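Below is one structure, written out as structure tokens; comments come after it.
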Amino acid sequence: MNDRIRSPRVRLVGADGSQIGVVDTREALRQARELDLDLVEVAPQADPPVCRIMDYGKFKYERDVRQKEARKKQSRTGLKEIKFRPKIDPHDYATKKGHVTRFLEAGNKVKITIMFRGREMAHTDLGRRILDRLVSDLGELVVVESMPKQEGRNMIMVISPNKRHLEALAKERARQAREQMVSAVAPAPDPVVGSEPQLDELHAEPAAASDEG
């Protein structure tokens with residue numbers, strides 16, 4: 057940021073998001089100071105680095121607020137419950153699996169309950185198959201915290217998110233966000249010379265059909 061930027065030239069983005077272009081770093085600093093703002097590297101790995109004129113204090117405050125809200129949200133996470141029937145149809149299974157996935161990605165533990173009715177109690181193996189299938193489908197996202205057990209007419213299993221997988225997922229999403237930011241401020245490619253058809257090519261007479269063959 058500001059005088060700590062090492063590159064002699066940067067691709068400058070204005071405070072309003074406009075693309076100013078490649079300029080000397082000293083000129084970029086001059087423009088930032090003229091507006092009483094900061095020059096911040098937003099894509100230091102680019103060549104040249106992409107810098108934006110902004111109020112870094114305001115940016116940092118808003119970032120800290122977002123992080124604080126994220127921590128509050130995380131502290132509110134708890135045990136969610138999703139209920140299945142032993143003879144659930146494929147559409148309902150996919151829908152409920154989606155709910156479980158979202159709960160896990162939000163950092164929640166999930167209690168999976170298989171509900172048996174009447175004669176279904178004679179086929180509790182169907183419930184176990186659903187639980188095994190769910191764990192298999194969720195893959196690396198899930199850790200089984202409490203193995204399936206029968207409680208009256210219900211079969212219960214508790215699963216929790218795999219923290220390492222969530223961290224990797226968050227890093228990948230952050231990387232994609234950075235790439236989108238870089239592509240958003242990247243200059244448009246120069247037009248390729250000679251790519252347009254020539255006038256005589258557009259008006260050329262079609263070749264006469266051959267009588268051979």
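To get the working numbering, take the position in the sequence shown, counting from 1, and add 56.
Ideal Cβ positions, reconstructed from N, Cα and C, are used throughout, including at glycine.
Model, not experiment: these values are computed from the prediction.
If I'm right that residue i touches residue j with Cβ under 8 angstroms, what's the distance once you round it to whole angstroms?
i, j, result
"Thr81", "Arg67", "No, Thr81 and Arg67 are not in contact; Cβ-Cβ is about 11 angstroms, not under 8 angstroms."
"Glu201", "Val214", "5 angstroms"
"Asp111", "Leu93", "5 angstroms"
Measuring only the C-alpha atoms, how far is residue i from residue j?
i, j, result
"Asp181", "Val96", "60 angstroms"
"Val199", "Glu235", "31 angstroms"
"Met57", "Lys143", "60 angstroms"
"Glu176", "Lys167", "21 angstroms"
"Leu187", "Pro204", "8 angstroms"
"Arg60", "Val98", "13 angstroms"
"Asp145", "Thr151", "10 angstroms"
"Val69", "Val79", "10 angstroms"
Using only CA atoms, which one of the options lies nearest to residue i?
i, options, result
"Arg185", "Arg175, Thr169, Glu196 and Leu197", "Thr169"
"Leu194", "Gly134, Leu160 and Lys128", "Leu160"
"Gly77", "Gln206, Lys227, Tyr112 and Cys107", "Cys107"
"Arg173", "Ser63, Leu222 and Asn210", "Asn210"
"Ser216", "Arg122, Arg229, Ala84 and Gly163", "Gly163"
"Glu196", "Ser63, Gly73, Ile212 and Ala224", "Ala224"
"Gly183", "Ile212, Pro105, Lys165 and Thr157", "Ile212"
Near residue i, which residues of its chain fall below 7 angstroms by C-beta distance, leaving aside the five closest residues on each side in sequence?
i, result
"Lys139", "Thr169 and Met171"
"Leu91", "Ala71 and Ile109"
"Asn218", "Glu196, Leu197, Val198 and Val199"
Would you give the residue range spanned by the alpha helix (DSSP H) that residue i belongs to?
i, result
"Gln101", "Careful: Gln101 lies outside any alpha helix (DSSP H) and carries neither H nor E."
Return the first residue and the last residue of the beta strand (DSSP E) that residue i is part of.
i, result
"Ile186", "No beta strand (DSSP E) contains Ile186, which is instead part of the alpha helix (DSSP H) from Thr180 to Leu194."
"Gly77", "Gln75 to Asp80"
"Glu161", "Looking at the DSSP string, Glu161 is not in any beta strand (DSSP E); the run it does join, the alpha helix (DSSP H), is Pro146 to Glu161."
"Met110", "Val106 to Met110"
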